[in-house]
Structures are given as C-alpha cells and as structure tokens.
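Student: Numbering (my numbering), first residue to last: 1092 to 1251. All C-beta atoms, glycine included, are put in the ideal place defined by N, C-alpha and C.
(1) Taking the beta strand (DSSP E) that residue 1201 belongs to, which residues open and close that run?
(2) Suppose only complete runs of 4+ residues qualify. What are the alpha helix (DSSP H) ranges in the region 1125-1198, listed by chain order?
(3) I believe residue 1195 touches residue 1170 by the beta-carbon criterion, under 8 angstroms. Please report the beta-carbon distance rounded to the nearest angstrom.
(4) Can you check whether the CB of residue 1189 is closer than 8 angstroms to the CB of residue 1222?
(5) Could you check if residue 1248 belongs to the surroundings of the ligand ADP, using beta carbon to heavy atom distance under 7 angstroms?
(6) If you run the structure through DSSP and keep just helix, strand and coil, what is residue 1107?
(7) Helix, strand or coil for residue 1067? Go by DSSP, reduced to three states.
(8) Keeping to the same chain, check which residues put their C-beta closer than 6 angstroms to that of residue 1142; ignore five residues upstream and five downstream.
(9) Distance, Cα to Cα, residue 1105 vs residue 1186?
(10) Excluding the 5 residues flanking residue 1150 on each side, which residues of the same chain have their C-beta closer than 7 angstroms to its C-beta?
(11) Would residue 1245 be called buried (16 or more neighbouring beta carbons within 10 Å of its own) or exposed?
(12) May I ask you to report which of helix, strand or coil DSSP gives residue 1097?
(13) Round the Cβ separation of residue 1199 and residue 1183 to the nearest angstrom and send it over; I've been treating them as touching at under 8 angstroms.
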C-alpha cells in the first residue's frame, strides 16, 4: 500500500492531479473553488513536508488547514491519490486510506482512546481503508479495523 501514498514532489503533483480528476468525474469542473479541495492540497503539502523531514512545517500547515477548512487531516495520515472530500468541515482522518476514496461530511477515521495496539498499516491502533471506498456522512471508523477495496459504508455507521 505504501506506493500509493504521497512521499515526493512528483508523487504529490501526481496525487493532486488524480484528486482533481476525481472531482471532475463527480461533475465539479473547478475544484480549486471548493474548500474540500483546499483541504486536500494543504494535506498533501503537509504530508510532503512531514515525509521530507520538515515535520514542524508539516504540522504548521496542518494547523492552517484546520483553521481554514475545518478538516483534521494530520500529515502523519496516509491518504492515497484521487481523494474526493466535498464537505471538509468536521472530517477527521487519522490512519490510512487508499486511492479514489469519497469521504462524506463529519466522518471520523482514527484510533480509540486507549493504549495503541499493534500497527496494521495505518499507524499504531489506527484503521486501514482500501481503494475505491465510499464513506457516507457521519460514519466513524475507529481502532484496528481493515476495510477492503470497493466498499460503501452507509451513513451513520460505527465500525469498531
């Protein structure tokens, strides 16, 4: 899974290109005008800085992203190319998500409030979500959970 996460400048550009194409496939011709796309761009910049050893800058971009878009996408998260995030307010992603994901509003992906367990690829105690996954609004995916490719998670679901 690691090859699909943004780690270099060229991979970041390719990731943003794939993100933009996903937005266009969903009927949005100018994603640059949407706050959700801003959240993705800022996440990718923060992730690049974090992976290049400039962790302080990466976390600074994360703070700005929180203030501007109200999305919590830490640079330690691993989010694949082609992300569609139309409503970023209240979205929290901590863990790993594959390519071509759709994330609805007020989605929470992360760990439980307990001592971190083993790492299944998203970080200690964090979930791993596959490719082409649709996460509908108000879904919680928490803890050591692995979700396969091509899955739709219905609105309001809680997965522990």
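Tutor: The structure says:
(1) 1199-1201
(2) 1126-1142, 1146-1160
(3) No, residue 1195 and residue 1170 are not in contact; Cβ-Cβ is about 15 angstroms, not under 8 angstroms.
(4) yes
(5) In the structure on display, the ligand ADP does not appear, and there are no ligands present to speak of.
(6) helix
(7) No answer is possible for residue 1067: it lies beyond the span of the chain, which begins at 1092 and ends at 1251.
(8) 1098
(9) 21 angstroms
(10) 1166
(11) exposed
(12) With a pLDDT of only 47 at residue 1097, under 50, the local geometry of the prediction cannot be trusted, and the value read off the model is given with reservation. Looking at residue 1097 - three-state DSSP - the assignment turns out to be coil, as it is neither helix nor strand.
(13) 5 angstroms
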